[in-house]
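Reviewing the structure listed below.
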Amino acid sequence: MSGLSRNVTGIMVPFLLSAYTVFSIAMIITDISRAFSVSITDVLVTVPVDFVGGAIGGLAMGYVADRIGRKPVILIAAIMFSVGTILGSLAGNIIEIYIIWFIIGFGVNADNGMAYPLIVETLRRSSGSIGGITQSLYFLGFLLDSVTYIIIHFWRYYLLAIGIISLIFSVGTAILINENKMKTVRKGLTRDMVPKTISLSLVTIGAFMFTVPLLSVVPTLLNEINVSDSFVTLYSIVGFSGFVIAGILSDRFGRKYTTLMFTVPGLISSLILYFITSSFYIIIIMIPVYIFSGFFSFLGVWVGENYPFEIRASATNIVFFAGRILGGFSPFIVSLIGPLRMGLSLICIISALLAIIGAATLRIKKSDSSIIYSR
792 MSGLSRNVTG IMVPFLLSAY TVFSIAMIIT DISRAFSVSI TDVLVTVPVD FVGGAIGGLA
852 MGYVADRIGR KPVILIAAIM FSVGTILGSL AGNIIEIYII WFIIGFGVNA DNGMAYPLIV
912 ETLRRSSGSI GGITQSLYFL GFLLDSVTYI IIHFWRYYLL AIGIISLIFS VGTAILINEN
972 KMKTVRKGLT RDMVPKTISL SLVTIGAFMF TVPLLSVVPT LLNEINVSDS FVTLYSIVGF
1032 SGFVIAGILS DRFGRKYTTL MFTVPGLISS LILYFITSSF YIIIIMIPVY IFSGFFSFLG
1092 VWVGENYPFE IRASATNIVF FAGRILGGFS PFIVSLIGPL RMGLSLICII SALLAIIGAA
1152 TLRIKKSDSS IIYSR
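The working numbering numbers the first residue of the sequence shown as 792 and each following residue consecutively.
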């Protein structure tokens, strides 16, 4: 197996399984609510808890990765989110679920935060396409959750199976990663990097706030409007397709303009969702909402391209920090607004606007394209 194939496999499989573990909670929100006699809102608190853990994990492990390498961090992260999911099957109350999902989130975002720099460092061309495919694995992980839940309906066995599968295959493939030896560095963000860091952070906040509710709240929304949650499978495929298409387009038309191409119609679709009440039309309008969430797909690669090798992992996780926090709280906010349809619509509208502002204010310099090659 070539070095390129080894790295792509070592990046993509753990990334897929990290999504498989972290979004597994979405299929069993009602089950956990009944098991521990708590409200749906109480269970949804796991989402911000896991993203707070992820924000901390991304920053901490990004700093470590810039000093000891990406591969060791991905291995540690894979063990954390896999074993965490296994422990989730043994949880005795909702507090234990919160603690476990904090650990899972720490591991998942430590892994994801390493995947983006590794993609940039491994590939020289079409990195947006591969980045889009990698990020779209969020939806394939979500799809695997729905399929696993159909096969294993008892939530404890469901989590146990997901954890064991993830442990075996994520660690087994992360070992394949081959990277250059790291040099000890003491660099940080420079003043000229601040404006683009702010703009990219706005896009990141918008991306997380738009996408995370689609991967956590929608199964419950479908139950609320008396629609089969089998539509989760359809939406997962649609979301995957939107991410892949967005990644390919970003290589052709540029990251900034592709972001605007997806966020503007995403904003319009979300606005339409707010005003419709028919279950049939809600099902239909959710399709473009999922498609246009694709602006998230190449974001990690886009961020990585803007920073030099020595600080790439740390800088990427700094940019993603606020997005992970606010994105994590977005499903909880959706549940507080009222009908999930209206809450989801408002969050998607706000997040699309933030992403549009971030993309519109980002100044593109020709010199930025050379940063990817600095090592």
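For each residue, glycine too, the CB sits at the ideal point set by N, CA and C. On a predicted model such as this, the values are computed, not experimentally measured, just so you know.
- Is the beta carbon of residue 1018 sitting closer than 9 Å to the one on residue 1073? yes
- Message: Can you give me the C-alpha to C-alpha distance between residue 796 and residue 926, rounded to a whole angstrom?
- Response: 18 Å
- Label residue 828 either buried or exposed according to how many other C-beta atoms from any shown protein chain fall within 10 Å of its C-beta, with 16 as the threshold for buried. exposed
- Message: Tell me the rounded alpha-carbon separation between residue 790 and residue 933.
- Response: The structure shown does not extend to residue 790, since the chain is modelled only from 792 through 1166, so no value can be given for it.
- Task: Determine the closest residue to residue 891 out of 921, 842, 818 and 1075, with distance taken between C-alpha atoms.
- Result: 842
- Message: Between residue 1070 and chain C, is any beta-carbon pair separated by less than 9 Å?
- Response: In the structure shown, chain C does not exist; there is a single protein chain.
- Is residue 1023 closer than 9 Å to residue 1004 when the C-beta atoms are compared? no
- Could you check where the alpha helix (DSSP H) with residue 990 kicks off and where it finishes? 985-1002
- Task: Throw me the rounded Cβ distance for the residue 1135 and residue 1012 pair, which I believe falls under 8 Å.
- Result: 7 Å
- Query: When burial is assigned at 16 or more other CB atoms within 10 Å of the CB, is residue 884 buried or exposed?
  - Reply: exposed
- Where residue 1098 sits in the DSSP three-state scheme: coil
- Message: If I measure Cβ to Cβ from residue 1103 and keep anything under 8 Å in the same chain, skipping five residues before and after, which residues do I get?
- Response: 857, 908, 911, 912 and 1095
- Counting Cβ pairs closer than 8 Å, one from the region 991-998 and one from the region 1107-1115, do we hit at least three? yes
- Span of the alpha helix (DSSP H) holding residue 1086? Per DSSP, residue 1086 belongs to no alpha helix (DSSP H) and is neither H nor E.
- Message: Give me the residue from 800, 836 and 817 with the minimum Cα distance to residue 1123.
- Response: 836
- Environment of residue 1041 [buried if 16+ CB atoms lie within 10 Å]: buried
- Assigned exposure category for residue 949 - 16 Cβ within 10 Å defines buried: buried
- Task: Using only alpha-carbon positions, find the residue among 794, 1120 and 811 that is nearest to residue 937.
- Result: 811
- Task: Please list, in chain order, all residues of the same chain as residue 1080 whose beta carbon is under 8 Å from its beta carbon, the five residues on each side excluded.
- Result: 1005, 1057, 1060, 1061, 1064 and 1139
- Message: By alpha-carbon positions, which one of 939, 1153 and 1029 ends up nearest to residue 954?
- Response: 939
- Message: Assuming the contact rule is C-beta atoms closer than 8 Å, residue 1038 and residue 924 should be a hit. Round their C-beta distance to whole Å, please.
- Response: 6 Å
- Task: Using the Cα positions of residue 1118 and residue 1125, report the straight-line distance between them to the nearest angstrom.
- Result: 11 Å
- Message: If I follow the unbroken alpha helix (DSSP H) through residue 843, where does it start and stop?
- Response: 837-859
- Item | Alpha-carbon spacing of residue 1226 relative to residue 815, whole angstroms | Nothing in the structure corresponds to residue 1226, since the chain is present only between 792 and 1166.
- Task: Please list the segments of the alpha helix (DSSP H) lying wholly inside the region 887-964, counting only runs of 4 or more residues, in order along the chain.
- Result: 918-926 and 928-942
- If you compare alpha carbons, which of 1105, 1131 and 919 is closest to residue 904? 1105
- Provide the residue span of the alpha helix (DSSP H) that contains residue 740, from first to last. In the structure as shown, the chain begins at 792 and stops at 1166. Residue 740 is therefore absent and cannot be evaluated.
- Taking the C-alpha atoms as reference points, what is the distance between residue 960 and residue 818? 22 Å
- Message: What residue range does the alpha helix (DSSP H) around residue 1014 cover?
- Response: 1009-1015
- For residue 1022, the first and last residue of its enclosing alpha helix (DSSP H): 1022-1044
- Could you pull out every residue in the same chain whose Cβ sits closer than 6 Å to the Cβ of residue 968, ignoring the five residues on either side in sequence? 798, 801 and 862
- Classification of residue 958 by the beta-carbon crowding that lies within 10 angstroms, buried from 16 upward: buried
- Message: Measuring only the C-alpha atoms, how far is residue 1120 from residue 852?
- Response: 22 Å
- For residue 877, does the three-state DSSP call read helix, strand or coil? helix
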